[in-house]
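Engineer: For the protein sequence lines, the chains are A and B, in the order given.
This note's numbering runs 42 ahead of the 1-based position in the first sequence.
This note's numbering runs 103 ahead of the 1-based position in the second sequence.
Glycine is no exception: its CB is placed at the ideal position from the N, C-alpha and C atoms.
Note that the coordinates shown come from a computational prediction; the quantities given were computed from them, not determined experimentally.
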Amino acid sequence: MKLHFADYLIIIVYFAFVITVGFVIKRKIKSSNDFLSSGRNIPLWITSLAFISANLGAQEVLGMVASGAKYGIMTVHFYWVGAIFAMVFLAVFMMPFYYGSKARSVPDYLSMRFDEKTRGLNAVSFAVMTVFSSGISLYALAKLLEVILHWDFDVSIWLAAGIVMIYTFLGGLTSAVYNEVLQFFLIVLGLSPLVVVALHDAGGWSTIKANLAPQLTHAWKYMGKADENPMGINFMSLIFGLGFVMSFGYWCTDFLVVQRAMIARNMGDAQRTPVVAALPKMLMPLIVVLPGVIAIALMQPALQSKGYSIPTNASGQLDYTMTLPSLIAHYYPSGLLGVGITALIASFMSGMAGNVTAFNSVFTYDIYQSYFVKHKSDKHYLWVGKFVTVAGILISIATAYVAKSFNNINDFLQLVFSFVNGPLFATFLLGMFWKRTTSNGAFFGLLAGTIAAALTHGLTIAEGKGGWIAPMFEIKSGMGQAFIVASVSWIANFCTTIIVSLFTKPKPDEALKGLVYSLTEKPKYHEQKWYLRVAPLAILLLVITIILNLIFF
Amino acid sequence: MQKRFTELSFIIGSFFLIASLILLIGYFTSSLLHADLNMYAGIAFLIFGLMMILLTPKTKKVN
Numbered sequence: 043m044k045l046h047f048a049d050y051l052i053i054i055v056y057f058a059f060v061i062t063v064g065f066v067i068k069r070k071i072k073s074s075n076d077f078l079s080s081g082r083n084i085p086l087w088i089t090s091l092a093f094i095s096a097n098l099g100a101q102e103v104l105g106m107v108a109s110g111a112k113y114g115i116m117t118v119h120f121y122w123v124g125a126i127f128a129m130v131f132l133a134v135f136m137m138p139f140y141y142g143s144k145a146r147s148v149p150d151y152l153s154m155r156f157d158e159k160t161r162g163l164n165a166v167s168f169a170v171m172t173v174f175s176s177g178i179s180l181y182a183l184a185k186l187l188e189v190i191l192h193w194d195f196d197v198s199i200w201l202a203a204g205i206v207m208i209y210t211f212l213g214g215l216t217s218a219v220y221n222e223v224l225q226f227f228l229i230v231l232g233l234s235p236l237v238v239v240a241l242h243d244a245g246g247w248s249t250i251k252a253n254l255a256p257q258l259t260h261a262w263k264y265m266g267k268a269d270e271n272p273m274g275i276n277f278m279s280l281i282f283g284l285g286f287v288m289s290f291g292y293w294c295t296d297f298l299v300v301q302r303a304m305i306a307r308n309m310g311d312a313q314r315t316p317v318v319a320a321l322p323k324m325l326m327p328l329i330v331v332l333p334g335v336i337a338i339a340l341m342q343p344a345l346q347s348k349g350y351s352i353p354t355n356a357s358g359q360l361d362y363t364m365t366l367p368s369l370i371a372h373y374y375p376s377g378l379l380g381v382g383i384t385a386l387i388a389s390f391m392s393g394m395a396g397n398v399t400a401f402n403s404v405f406t407y408d409i410y411q412s413y414f415v416k417h418k419s420d421k422h423y424l425w426v427g428k429f430v431t432v433a434g435i436l437i438s439i440a441t442a443y444v445a446k447s448f449n450n451i452n453d454f455l456q457l458v459f460s461f462v463n464g465p466l467f468a469t470f471l472l473g474m475f476w477k478r479t480t481s482n483g484a485f486f487g488l489l490a491g492t493i494a495a496a497l498t499h500g501l502t503i504a505e506g507k508g509g510w511i512a513p514m515f516e517i518k519s520g521m522g523q524a525f526i527v528a529s530v531s532w533i534a535n536f537c538t539t540i541i542v543s544l545f546t547k548p549k550p551d552e553a554l555k556g557l558v559y560s561l562t563e564k565p566k567y568h569e570q571k572w573y574l575r576v577a578p579l580a581i582l583l584l585v586i587t588i589i590l591n592l593i594f595f
Numbered sequence: 104m105q106k107r108f109t110e111l112s113f114i115i116g117s118f119f120l121i122a123s124l125i126l127l128i129g130y131f132t133s134s135l136l137h138a139d140l141n142m143y144a145g146i147a148f149l150i151f152g153l154m155m156i157l158l159t160p161k162t163k164k165v166n
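#1: Who are the near neighbours of Val-173(A) in its chain, counting only those whose CB is closer than 8 Å to its CB and skipping five residues on each side?
#2: Alpha helix (DSSP H) containing Asn-305(A): first to last residue?
#3: Let me confirm a value: Met-154(B) is counted as buried when at least 16 other C-beta atoms fall within 10 Å, else exposed. Which label applies?
#4: Beta-carbon of Leu-149(B) versus every beta-carbon of chain C: anything under 8 Å?
#5: Could you pull out every residue in the same chain whose Cβ sits closer than 6 Å to the Cβ of Tyr-50(A), ignoring the five residues on either side in sequence?
#6: Against Ile-115(B), what residues of chain A qualify as contacts under a CB-to-CB distance less than 8 Å, listed in chain order?
#7: For the segment 115–131 of chain B, which residues have a beta carbon sitting closer than 9 Å to at least one beta carbon of chain A?
#8: Let me see if you follow: with CB-CB separation under 8 Å, is Gly-334(A) close to chain B or not?
#9: Have a look at Ile-250(A) and Tyr-374(A) and give me their C-alpha separation to the nearest angstrom.
#10: Comparing the C-beta of Ile-53(A) with each C-beta of chain B, is any distance below 8 Å?
#11: In angstroms with no decimal places, state the Cα-to-Cα distance between Thr-492(A) and Leu-466(A).
#12: To the nearest angstrom, how far is the alpha carbon of Val-165(B) from that of Gly-266(A)?
#13: Take the Cβ of Phe-57(A) as the centre, count every other Cβ of all protein chains shown within 10 Å, and call the residue buried at 16 or more, exposed below.
#14: Identify which residue in Ile-581(A), Ser-412(A), Thr-587(A) has its Cα closest to the Cα of Thr-160(A).
#15: Compare the C-alpha of Ala-240(A) against each of Gly-464(A), Ala-337(A), Gly-142(A), Ser-376(A) and name the closest.
#16: Going by other Cβ atoms of all chains shown within 10 Å of its Cβ, with 16 needed for buried, is Thr-117(A) buried or exposed?
#17: Once you ignore the five residues that flank Ala-512(A) on each side, which residues in its own chain have a CB closer than 8 Å to its CB?
#18: Since I believe Ile-84(A) is in contact with Val-219(A) (beta carbons under 8 Å), could you give me their beta-carbon distance rounded to a whole number of angstroms?
#19: Quick one: is Thr-109(B) near chain A, going by C-beta distance under 8 Å?
#20: Thinking just about the alpha-carbon of each residue, which of Thr-354(A), Lys-72(A), Lys-518(A), Thr-259(A) is nearest to the one in Leu-424(A)?
#21: Using a beta-carbon distance below 8 Å, is Val-381(A) in contact with chain B?
#22: What residue ranges within the segment 325–376 of chain A form continuous alpha helix (DSSP H) runs of no fewer than 4 residues, ordered along the chain?
#23: Beta-carbon separation of Phe-405(A) and Ser-179(A) under 8 Å?
#24: Just to confirm, are Asn-482(A) and Val-542(A) a CB contact at a threshold of 8 Å?
#25: In the DSSP assignment, the beta strand (DSSP E) including Thr-492(A) goes from what residue to what residue?
#26: Could one say the Cβ of Leu-136(B) lies closer than 8 Å to chain A's Cβ atoms, at least one of them?
#27: Report the start-end ranges of each alpha helix (DSSP H) in the segment 146–223 of chain A that is 4 residues or longer and not cut off at the edges.
#28: Would a check of beta-carbon distances place Gly-377(A) closer than 8 Å to chain B?
#29: In chain order, what residues of the same chain lie with their CB nearer than 7 Å to the CB of Leu-378(A), ignoring the 5 residues before and after it?
#30: Does the Cβ-Cβ distance between Ser-198(A) and Leu-215(A) come in under 8 Å?
#31: For Ala-534(A), which residues from the same chain have a beta carbon less than 6 Å from its beta carbon, with the 5 sequence-adjacent residues on both sides left out?
#32: State the CB to CB distance for the pair Leu-78(A) and Gly-393(A), rounded to an integer number of angstroms; the pair is presumed to be in contact (CB under 8 Å).
#33: Tell me whether the beta-carbon of Gly-522(A) lies closer than 8 Å to the beta-carbon of Ser-289(A).
#34: Find out if the Cβ-Cβ distance for the pair Gln-2(A), Asn-253(A) is shorter than 8 Å.
#35: What in chain A is Cβ-close to Leu-172(B), meaning under 8 Å?
#36: For Met-273(A) versus Ser-80(A), is the C-beta distance shorter than 8 Å?
Okay, here's the thing in structure tokens:
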């Protein structure tokens with residue numbers, strides 16, 4: 043793939059714009075609250091698009107296209123079984139606690155509901171996860187640019203990290219959020235022409251269906267038995283593992299996305315943020331799953347004359363991660379190629395900036411201010427937030443180089459993330475909806491869930507991964523293994539939290555007002571028109587989601 | 104007027120307007136960029152960019 047002057051010009055214009063956003067926002071930053079929490083002053087349309095854009099990083103864009111090619115249309119389950127239901131649950135049931143409690147972060151809510159040790163455990167694990175995730179995103183970007191454009195690895199790392207550093211240092215969370223919205227439009231509009239032209243080239247959806255195995259074009263039909271579908275899991279594992287544990291765990295408790303709703307102007311907008319975001323999220327499979335399905339269809343004998351194929355790796359197997367870049371290279375002429383590459387770069391930078399801004403909020407509020415330096419001026423915490431931004435990016439760069447030296451570190455870190463994130467939703471579910479849940483129950487439940495995740499991974503093997511204790515159970519796909527690990531860890535956390543809570547002393551009801559469902563006054567919406575109320579919008583979204591599932595059954 | 108430049112919708116609109124101009128000018132002036140896909144995408148970006156700019160509020164309401 044070779045870029046023309048016009049392609050470079052579009053990339054340069056994009057870099058200039060994201061930096062300009064940083065300078066524009068800088069003038070509005072007066073306090074640590076402005077820098078780390080955006081002063082809870084961001085309009086609904088921006089919080090909503092930032093909400094999904096924070097999840098539109100490289101792993102999402104490249105990963106979902108790769109999964110579309112590998113598992114077919116089943117990949118839509120991440121959206122139509124996972125994300126939408128979880129986003130609706132967050133909006134209707136959980137947002138009133140996050141926003142209404144005036145918590146500055148998810149760990150801050152845990153300290154109010156439980157105690158400092160639960161906040162500390164969550165804050166430290168989240169801070170480590172985000173900064174390493176940011177580094178992996180950076181490594182993946184540099185590696186991709188090295189492979190497809192032959193750009194120097196070091197230059198790519200320092201250039202991308204430098205630009206993210208400039209705009210997050212200048213404008214903090216607001217700057218990252220504004221750029222996430224720009225990046226959202228760039229990704230959607232930059233990749234839409236690819237879907238149209240590739241779909242047309244493949245002869246439309248009916249030709250694709252005619253040329254692919256039916257397991258790749260039906261979302262539910264082959265989910266009855268694990269060995270009948272490419273993911274190797276049945277519908278029960280899918281609904282519980284992905285639809286409940288993993289999706290609710292991510293969308294309802296990961297501060298990286300929840301933070302985007304917490305900066306809304308008022309409670310109504312905070313609740314509407316995930317609901318409004320769910321609408322474009324529902325349509326994202328058109329941009330990130332469909333290209334993968336088209337790619338694998340183009341490789342079938344009847345369509346081989348189109349001249350497209352997914353690249354292979356050193357061992358001769360299809361390198362699914364390269365599906366999207368190879369489609370861009372195949373279909374985009376110079377000019378639009380620059381837009382496509384810029385969209386890829388935007389997805390990496392969006393993921394990195396989201397992680398860095400979530401990291402600096404949690405580190406400054408929940409670690410530095412809570413445990414080390416408690417009573418300093420606001421200016422002090424503003425500068426700590428800025429310093430932590432720089433430090434977070436430098437650690438990300440270091441992680442990117444570690445990832446370059448040790449290939450397996452990516453898999454290892456992703457695995458650790460799933461161990462920590464998987465069981466977390468059980469802690470929140472019990473904490474918010476069962477007032478008897480105690481601080482010790484939450485803390486030991488989290489530990490038990492994490493240990494259970496590690497043990498399950500050690501005893502199962504899938505695609506050569508896992509089984510480091512003893513490979514007792516074999517699972518067909520890595521994705522199926524991830525669902526099972528998450529499910530076991532969630533159940534371990536849920537049961538341990540209940541058992542320990544029953545034997546330890548709960549907080550008095552007075553201390554739990556505004557933090558637990560049964561002790562909190564419910565928001566009233568009767569004065570609003572129906573389309574502004576969360577519940578009717580949520581029901582409408584769920585009906586559309588069910589219809590989509592039926593269409594692609 | 105300066106406030107308008109700092110509105111996010113104006114910034115996004117401006118970006119797509121510039122990107123569309125690069126594609127459209129390239130389409131008409133360079134053989135390398137003379138591809139229908141560049142023209143269609145350029146027109147779509149132009150419409151989207153202008154729409155975002157026109158949707159940007161001119162002045163902020165004062166309560």
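Structural biologist: Working from what's here:
#1: Asn-397, Val-398, Phe-401, Gly-434, Ile-437, Ser-438, Thr-441
#2: A quick correction: the sequence has Ile, not Asn, at residue 305(A). Careful: Ile-305(A) lies outside any alpha helix (DSSP H) and carries neither H nor E.
#3: exposed
#4: Annotation note: the requested chain C is absent from the structure, which comprises protein chains A and B.
#5: Nothing listed; no residue qualifies.
#6: Neighbours of Ile-115(B) on chain A, chain order: Val-223, Leu-224, Phe-227.
#7: Ile-115, Ser-117, Phe-118, Phe-119, Ile-121, Ala-122, Ile-125, Leu-126, Ile-128, Gly-129, Tyr-130
#8: no
#9: In a straight line, the C-alpha of Ile-250(A) is about 21 Å away from that of Tyr-374(A).
#10: no
#11: 9 Å
#12: Note that Val-165(B) has pLDDT 43, beneath the 50 cutoff, so the model's placement of it is unreliable and no number is given.
#13: Its Cβ being crowded by 16 or more others within 10 Å, Phe-57(A) is buried.
#14: Ser-412(A)
#15: Ala-337(A)
#16: Buried, because 16 or more other Cβ atoms sit within 10 Å of the Cβ of Thr-117(A).
#17: Gly-500, Leu-501
#18: 6 Å
#19: yes
#20: Lys-72(A)
#21: yes
#22: 327–330, 332–340, 365–373
#23: No. Outside cutoff.
#24: yes
#25: Thr-492(A) -> not in any beta strand (DSSP E); alpha helix (DSSP H) instead, spanning 481–501.
#26: The beta-carbon of Leu-136(B) is placed less than 8 Å from the nearest beta-carbon of chain A.
#27: As far as the segment 146–223 of chain A is concerned, its whole alpha helix (DSSP H) runs of at least 4 residues are 148–155, 158–191.
#28: yes
#29: Pro-235
#30: No, they are not a contact pair.
#31: For Ala-534(A), where only same-chain residues beyond five positions count, the Cβ hits under 6 Å are Ala-490, Gly-491, Ala-494.
#32: Incorrect: roughly 19 Å between the Cβ atoms, too far for contact.
#33: Taking 8 Å as the Cβ cut-off, Gly-522(A) and Ser-289(A) do not qualify as a contacting pair.
#34: Residue 2(A) is absent from the structure shown; chain A starts at 43 and stops at 595.
#35: A question about residue 172(B) goes unanswered here, because the residues of chain B that appear run from 104 up to 166.
#36: no
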